[in-house]
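Chemist:
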Amino acid sequence: MGANAFTGLWHGLDTSWMDSAACAGLSVEERRCFFGDTRKGVRGELLVLEAKQFCWDCPVQAECLSYAIESKLQGIWGGTTGKERADIARAARRRSA
Numbered sequence: 002m003g004a005n006a007f008t009g010l011w012h013g014l015d016t017s018w019m020d021s022a023a024c025a026g027l028s029v030e031e032r033r034c035f036f037g038d039t040r041k042g043v044r045g046e047l048l049v050l051e052a053k054q055f056c057w058d059c060p061v062q063a064e065c066l067s068y069a070i071e072s073k074l075q076g077i078w079g080g081t082t083g084k085e086r087a088d089i090a091r092a093a094r095r096r097s098a
């Protein structure tokens, strides 16, 4: 999620929007909070909240969320955890059935 780090196609999906993400300029150390949902307890919850703060006003949050659902990525993407995205995908499948 660094500037120009993933621009182009990845998993066959357009990633050009990533350069406009609120998290695009973060260092590797700063990006660690985006994987807090893999940790348990209070520390993990705090990391998730820290990551989600970047997403709240992100201009490409919808693209990020869609990308993460389609790619089944881990971590915080589009302001959601992996579990939250699985719930969103499951609800969408139910609605379309």
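Quick note, the sequence shown lines up with residues 2 to 98 if you use our numbering.
From the three backbone atoms N, C-alpha and C, an ideal C-beta is built for every residue, glycine too.
Source: prediction; values computed, not measured.
Please indicate yes or no: does the CB of R96 lie closer than 7 Å to some heavy atom of the ligand PLP?
Modeler: The ligand PLP is not part of this structure, which contains no ligands at all.
Chemist: From the DSSP output, read off the bridge partner residues of W78.
Modeler: Residue pairing by DSSP places W78 opposite T81 in a beta bridge.
Chemist: Which of the three DSSP states, helix, strand or coil, is assigned to L134?
Modeler: Residue 134 lies beyond the range of the chain shown here (2 to 98); nothing can be said about it.
Chemist: With a threshold of 7 Å on Cβ separation, who are the neighbours of K53 within its own chain once the five nearest residues in sequence on each side are excluded?
Modeler: I77, G80
Chemist: Helix, strand or coil for K41, going by three-state DSSP, please let me know.
Modeler: K41 carries a coil assignment under DSSP once its states are collapsed to helix, strand and coil.
Chemist: Could you give the DSSP three-state label for K73: helix, strand or coil?
Modeler: Look at K73 here: in three-state DSSP terms it is coil, with no helix or strand label.
Chemist: First and last residue of the alpha helix (DSSP H) that includes R32?
Modeler: 29-32
Chemist: Beta carbon of T39, beta carbon of Q75: below 8 Å?
Modeler: yes
Chemist: For V49, count neighbouring Cβ atoms within 10 angstroms of its own Cβ and tell me buried if that reaches 16, exposed if not.
Modeler: buried
Chemist: Alpha carbon to alpha carbon, how far is E31 from A93?
Modeler: 32 Å
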